[in-house]
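Below is one structure; the comments refer to it alone.
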Amino acid sequence: MSATKTISAKVLRDFNDAGSESRFTKGKTVPLEVGVFDNYRAAGLVEAASEDAAPAGGAARAPRPRD
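Right under this line is the structure:
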């Protein structure tokens, strides 16, 4: 059995997750499973608590250098 990977996330605004009935408070740092973190981040609800906490696949791409 493998361990579930979690990410430390900073909550950007108060919200309730209707599916899990979890309640989140702005400014708190909470551990989230990677998939949950990705969904909340896409919705603008959370961000990685630190740069090294962000999942590699979800990082924004660097701009292309101009010729």
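Residue numbers (the numbering used here): 768 to 834. Just so you know, even glycine gets a beta-carbon here, dropped at the ideal spot from N, CA and C.
Annotation for LYS795: VAL778 place their beta carbon closer than 6 Å to its own, counting only its chain and skipping 5 residues before and after. ALA810 sits away from SER775, with the two beta carbons spaced by 9 Å or more. Secondary structure note for ALA785: it is in no alpha helix (DSSP H), with a DSSP letter that is neither H nor E. Closest in C-alpha terms to VAL813, from the list SER787, GLY786, PHE782 and PRO832, comes PHE782. DSSP places ALA770 in no beta strand (DSSP E); its state is neither H nor E.
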